[in-house]
Ligand code: XIL
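Numbering (mature numbering (1 follows the signal peptide of the UniProt record, and there is no 0)), first residue to last: -23 to -1, 1 to 341.
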């Protein structure tokens, strides 16, 4: 072993092992991991499993309880996104009371493992606490509640969040604003979206502020709506820095071949782009086990999404929505579907994992 390589090996082993017992044997050494294979400055991320659907599953909270899970999370990824732990219902469960424990722990974990963090999310129609959705507030009160929340949460992690999904899923698939189900837009009008970006920017001027949604991989009515809105907001000086497609794909539908072209048009507005919640689900055979052909096609979808991002210079962040099937949200939300992630339940690697790693390594 060359001295330089030896020093790098020792350095990585020590830093990775700080918060968790030791470098992960199941990942076969650091040089075979996704983060090692990635080109410099390109972040390969995962959601951090916990909260949300996990609370009704027959296992303890993954992030806080599963040590092998934490080892793989540390070893494989250079970016992490709290899957639920920064959402309103989790972090702000009662009016005037915040629950920062797990979010703090995720940010600390990320620092110890030299990972960046994507904050998720501040203005959304879903996973809001009852006190908010069912409460009676005047418009001024509601506005003050949102402002206080954004200032508090973004301010708390100031300097430690690389990208924030400020607004999540504000358009329907036809490109209409969600004026019925998004409490903020319904009660306060569309101008509240710009205010959310302004308040977030004041609270953390370095964080890159994103719009994030699903079914916006292609050029379509929904992504057109984002394109028009962001163009207007930027012209008005609103601090919008990024546009991201979640990337929840299914083998039951074709691959969005124009993903790269779509990302490029947003880059053309001067924006960063990202893929933030990538997974590839499939309708499972009766056995519950995917076929070889399904696994090959899944690997192909993962690889093509990653390639689209790598081909766009503004796309420097690619995050998968969990890395191990046993913790995936897919079987809980899509009946009869599953196997959407890149690892089997024992953390062994599926063809999709190998496809991601070789695709990264080819650009290193
Ligand atoms: C999902 C989580 O994975 C689940 O644990 C939770 O029960 C529901 O939300 N788009 C998003 C994510 O922006 O926040 C969603 O995450 C998946 C779809």
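Idealized CB from N, CA, C, for every residue including glycine.
Nothing here was measured: the structure is a model prediction, and the numbers come from that model.
Quick check: what's the CA-CA separation for residue i versus residue j?
i, j, result
"residue 332", "residue 71", "44 Å"
"residue 31", "residue 38", "7 Å"
"residue 126", "residue 264", "46 Å"
"residue 225", "residue 335", "21 Å"
"residue 242", "residue 236", "10 Å"
"residue 232", "residue 278", "7 Å"
"residue -14", "residue 90", "Bear in mind that a pLDDT of 35 at residue -14, under 50, signals an unreliable position, so the number given afterwards is only what the model happens to contain. The straight-line gap from Cα to Cα measures roughly 14 Å."
"residue 283", "residue 192", "16 Å"
"residue 215", "residue 317", "36 Å"
"residue 103", "residue 159", "8 Å"
"residue 299", "residue 54", "11 Å"
"residue 310", "residue 319", "18 Å"
"residue 229", "residue 270", "13 Å"
"residue 41", "residue 74", "21 Å"
"residue -11", "residue 144", "Caution is warranted here: a pLDDT of 36 is assigned to residue -11, below 50, making its placement in the model unreliable, and the coordinate value is therefore given only provisionally. If I take the Cα positions, the gap works out to 37 Å."
"residue 194", "residue 101", "19 Å"
"residue 65", "residue 105", "5 Å"
"residue 337", "residue 87", "21 Å"
"residue 328", "residue 109", "43 Å"
"residue 26", "residue 81", "15 Å"
"residue 324", "residue 261", "20 Å"
"residue 161", "residue 122", "10 Å"
"residue 219", "residue 339", "26 Å"
"residue 267", "residue 18", "34 Å"
"residue 134", "residue 249", "21 Å"
"residue 14", "residue 222", "23 Å"
"residue 83", "residue 120", "28 Å"
"residue 217", "residue 314", "35 Å"
"residue 152", "residue 198", "5 Å"
"residue 234", "residue 244", "17 Å"
"residue 301", "residue 56", "16 Å"
"residue 238", "residue 196", "8 Å"
"residue 259", "residue 117", "45 Å"
"residue 157", "residue 164", "9 Å"
"residue 294", "residue 112", "37 Å"
"residue 296", "residue 12", "12 Å"
"residue 289", "residue 240", "7 Å"
"residue 2", "residue 43", "Low per-residue confidence applies at residue 2: pLDDT is 43, beneath 50, and the placement is therefore not dependable, though the value from the model is reported in the following sentence. Computed Cα separation, rounded: 15 Å."
"residue 174", "residue 167", "12 Å"
"residue 132", "residue 78", "16 Å"
"residue 330", "residue 7", "15 Å"
"residue 326", "residue 62", "26 Å"
"residue 99", "residue 341", "34 Å"
Since residue i is in the beta strand (DSSP E), which residue starts that stretch and which ends it?
i, result
"residue 154", "Element bounds for residue 154: n/a, residue is neither H nor E."
"residue 132", "Not the beta strand (DSSP E): residue 132 falls in the alpha helix (DSSP H), residues 116 to 133."
"residue 141", "140 to 145"
"residue 186", "185 to 190"
"residue 262", "Residue 262 -> no beta strand (DSSP E), and no H or E assigned at all."
"residue 57", "56 to 59"
Under DSSP, the alpha helix (DSSP H) around residue i begins and ends at which residues?
i, result
"residue 239", "236 to 244"
"residue 222", "Premise fails: residue 222 lies in the beta strand (DSSP E), 219 to 222, not in any alpha helix (DSSP H)."
"residue 172", "168 to 180"
"residue 45", "44 to 53"
"residue 308", "307 to 310"
"residue 86", "78 to 89"
"residue 302", "Looking at the DSSP string, residue 302 is not in any alpha helix (DSSP H), and its letter there is neither H nor E."
"residue 38", "Looking at the DSSP string, residue 38 is not in any alpha helix (DSSP H), and its letter there is neither H nor E."
"residue 211", "198 to 212"
"residue 67", "65 to 68"
"residue 71", "That residue, residue 71, is in no alpha helix (DSSP H); it is neither H nor E in DSSP."
"residue 107", "107 to 110"
In the DSSP output, what is residue i paired with across the bridge?
i, result
"residue 326", "320"
"residue 9", "Residue 9 pairs with nothing; no bridge assigned."
"residue 99", "DSSP, once it has assigned bridges, lists no residue as partnering residue 99."
"residue 256", "225"
"residue 280", "Looking at the DSSP assignment, residue 280 forms no beta bridge with any residue, so it has no partner."
"residue 20", "294"
"residue 251", "221"
"residue 93", "56"
"residue 25", "59"
"residue 315", "259"
Less than 7 Å between the CB of residue i and some heavy atom of the ligand ATP, yes or no?
i, result
"residue 231", "The model depicted lacks the ligand ATP and carries the ligand XIL instead."
Contact between the region 279 to 289 and the region 46 to 56: three or more CB pairs below 8 Å? no
Between the region 113 to 127 and the region 183 to 203, can you find at least three pairs of beta-carbon atoms closer than 8 Å? no
I want to know whether the region 94 to 112 touches the region 139 to 152 - three or more CB-CB distances under 8 Å. yes
Count the C-beta pairs between the region 249 to 257 and the region 202 to 215 that are closer than 8 Å, then say yes if the count reaches three, no if not. no
Tell me, please, whether the region 194 to 206 touches the region 144 to 158 by the rule of three or more beta-carbon pairs shorter than 8 Å. yes
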